[in-house]
Amino acid sequence: MEERLLQLARATPGFMPDDEGLALYRAGREAAPLGPLLEVGTYVGKSTIYLGAAAKEMGTVLFTIDHHRGSEEQQPGQPYFDPRFVDEFGQVDTLPAFRRTIALAGLEETVIAIVGRSATVAAYWRTPLAMVFIDGSHTEENAQADYEGWAPHVIMGGLLAIHDVFPDPSQGGQAPYHVYLRALASGAFEDYLCQGSLRVLRRVGHGI
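Using the working numbering, the letters of the sequence shown correspond one by one to residues 4 to 211.
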């Protein structure tokens with residue numbers, strides 16, 4: 004990965020350790036020759052840099068979806084609230100910071116931002132995808148909806164990546180882990196890569 008982009012990714016606020024980010028980048032490069040990539044959960048663009056760099060290098064695009072109002076744990080009074088990302092109305096708004104990140108990265112021609120709720124966008128989506136990265140809301144309802152909405156769009160041989168997968172409840176919330184188990188149990192996906200809390204699966208069958 005280009006050193007300039009790696010340093011920018013490291014400096015961008017977010018929740019993606021170096022080793023997981025670089026694993027995501029490698030997975031993106033692996034999938035990109037098959038078609039476009041898609042990310043659920045943008046925040047201010049940390050993971051978007053890793054996937055966007057892969058998409059640019061391999062000549063495809065990355066769609067990234069977020070309502071930019073922050074997830075449940077990023078609201079005022081919650082553990083991951085960041086006052087830098089509050090607008091004049093007192094609401095969380097990460098879109099301006101995200102746009103700045105992508106401009107600094109030189110990825111504006113590669114990264115296509117979709118501002119909206121994942122389930123709403125998924126309901127109208129028709130484009131086959133080489134890779135889907137699920138890293139949005141970690142509530143059980145929303146994480147399961149992300150899987151239901153986006154996993155069917157992963158093409159055969161494509162990749163499904165899930166972040167913050169913690170088998171041990173003491174390490175983190177269980178919703179992404181449950182999605183990971185569901186993907187394996189479906190028979191449509193098999194393990195491809197594991198790095199920290201990142202799980203990447205390859206699509207090998209139907210029946211999601």
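Here a beta-carbon is modelled for each residue, glycine too, at the ideal position from N, C-alpha and C.
Proximity below 8 Å, CB of residue i to CB of residue j
i, j, result
"E60", "R32", "yes"
"P39", "T63", "yes"
"I165", "Y183", "yes"
"V118", "D69", "yes"
"Y195", "L201", "no"
"G208", "A186", "no"
"M134", "G176", "no"
"T97", "G73", "yes"
"I137", "V43", "yes"
"R13", "D21", "yes"
"L11", "A116", "no"
"D85", "P16", "yes"
Burial state of residue i, where buried means 16 or more other Cβ atoms lie within 10 Å
i, result
"G152", "buried"
"S173", "exposed"
"F92", "exposed"
"A148", "buried"
"Y83", "exposed"
"E5", "exposed"
"A188", "exposed"
Same chain, Cβ closer than 6 Å to residue i, five either side skipped, listed in chain order
i, result
"M159", "R206"
"V168", "P179, Y180, Y183, S200, R202"
"M19", "K49, S50"
"A90", "At residue 90 the sequence reads Asp, which differs from the Ala that was named. So the list reads D96, once near-sequence residues are dropped."
"A106", "none"
"S121", "V43, I68, G139, D149"
"E111", "I105"
8 Å CB neighbourhood of residue i in its chain, flanking five on each side removed
i, result
"Q2", "Lying before the first or after the last residue shown, residue 2 is absent from the chain, which here runs from 4 to 211."
"A35", "A57, A58, E60, M61, G62, T63, A133, M134"
"C197", "V203"
"L41", "L65, F66, T67, I68, L132, M134, V135, F136, W153, H156"
"T45", "T51, T67, I68, D69, H71, T97, F101, A116"
"E193", "L187, L204, R205, V207"
"Q78", "F84, V95"
Beta-carbon contacts of residue i that lie in its chain and below 7 Å, excluding the five residues immediately before and after
i, result
"S140", "S74, E75, A146"
"L8", "I52, A56, A108"
"L37", "A133, I158, G160, G161"
"T142", "E75, A178"
Is the number of C-beta pairs between the segment 102 to 112 and the segment 121 to 132 that are closer than 8 Å three or more? Fewer than three Cβ pairs drawn from the segment 102 to 112 and the segment 121 to 132 lie within less than 8 Å of each other, which leaves the two stretches out of contact.
Curious, which full-length beta strand (DSSP E) runs of at least 3 residues does the segment 95 to 179 contain? Counting only runs of 3 or more residues that sit fully inside the segment 95 to 179, the beta strand (DSSP E) segments are 114 to 118, 132 to 137, 157 to 165, in chain order.
Are there three or more Cβ pairs, one per stretch, closer than 8 Å when the segment 51 to 58 is compared with the segment 22 to 29? At 8 Å Cβ cutoff, the stretches touch.
Whole runs of the alpha helix (DSSP H) within the segment 14 to 57, excluding any shorter than 4 residues: Unbroken alpha helix (DSSP H) runs of no fewer than 4 residues, entirely contained in the segment 14 to 57, are found at 21 to 34, following chain order.
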